[in-house]
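These notes are about the structure you will find just below.
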Ligand code: KIV
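Numbering (the numbering used here), first residue to last: 237 to 513.
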């Protein structure tokens, strides 16, 4: 039986030089499967908005959406650490709302930690959440909630100014008390510098393989989400083709009455049957 992964396991893994594995999930069945397969952490990401709810960005996702899906994931995952994403505007307005929203994701959503995007500008919110005994994961680089500021989904940290800002943000987040930082869509060498500078682990997505761990959106890595595929996604299987083929076969078998066959059909005693006509 696998051991429960906790926020302290993140630090232990970094100290032992063991890579940390993380995937997203939004529902009971997927969470159960990836948990049984041994994933160490599950992120109920606001990518939910794009890969499950069909929005064009993550900006429409609400705290209630995250809680709803966290609860389902928590019912399926027994060992993985569940991190609930704080959606756009749930930690931007004031500290009181921020702590309340983070608390709801823990209390109602049954997550064990929350994640939020941003650098020095969110340090006061991180301190307030950790003061409420809620572990916080940071998120720097190509932070999808800032796409309107970035002018789209663009790799960050390529200029000296941007790279130095991300390094400084990472150091400030660590000082504020985050237990790990997701580094998304930044050059691998920059991620390496940050990873070496910090005592807490970095979890990369499009940030090279020198981070302390990796995260991918499960629907991307299973080849289910085909609206677009970022360069950093590796498809470990092609569920899109499997689902398309299975659906086409189902349609054809229903039309031809091949399905349901005897194997999938319930019978009734012949004597009882006669009395029904
Ligand atoms: O929402 C999400 O899935 C994320 C990952 C891409 C890190 O934030």
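No residue lacks a Cβ here, since even glycine has one placed at the ideal position from N, Cα and C.
>> Looking at the secondary structure, which residues open and close the beta strand (DSSP E) in which residue 351 lies?
In response: Segment 349-351, the beta strand (DSSP E) holding residue 351.
>> Would you say the beta carbon of residue 266 is closer than 7 Å to some non-hydrogen atom of the ligand KIV?
In response: Not so, every heavy atom of the ligand KIV lies at least 7 Å from the Cβ.
> Going by other Cβ atoms of all chains shown within 10 Å of its Cβ, with 16 needed for buried, is residue 371 buried or exposed?
Replying inline: Residue burial annotation: residue 371 is buried, with at least 16 other C-beta atoms found within 10 angstroms of its C-beta.
>> Would you call the stretch 427-441 in contact with the stretch 398-411, where contact means no fewer than 3 C-beta pairs closer than 8 Å?
In response: Yes, they touch.
> Assuming residue 257 and residue 449 make a contact with CB atoms under 8 Å, what is their CB distance in whole Å?
Replying inline: The pair is a contact, with the Cβ atoms about 6 Å apart (cut-off 8 Å).
> Can residue 381 and residue 353 be called in contact, C-beta distance under 8 Å?
Replying inline: In terms of Cβ geometry, residue 381 and residue 353 form a close pair [threshold 8 Å].
>> Taking DSSP's pairing of strands, which residues face residue 256 in a bridge?
In response: DSSP, once it has assigned bridges, lists 449 as partnering residue 256.
> How about residue 451 and residue 269: are their beta carbons less than 8 Å apart?
Replying inline: No, they are not a contact pair.
> Cβ-heavy atom distance between residue 319 and the ligand PLP below 7 Å?
Replying inline: In the structure on display, the ligand PLP does not appear, and the ligands it does have are the ligand KIV.
>> By the DSSP assignment, the beta strand (DSSP E) with residue 321 in it spans what residues?
In response: Its beta strand (DSSP E) spans residues 317-321.
>> Tell me the residue span of the beta strand (DSSP E) that contains residue 247.
In response: Per DSSP, residue 247 belongs to no beta strand (DSSP E); it is in the alpha helix (DSSP H), 243-251.
> Is it true that the CB of residue 283 sits closer than 8 Å to the CB of residue 453?
Replying inline: Yes. Within cutoff.
> Since residue 334 is in the beta strand (DSSP E), which residue starts that stretch and which ends it?
Replying inline: Residue 334 -> not in any beta strand (DSSP E); alpha helix (DSSP H) instead, spanning 331-343.
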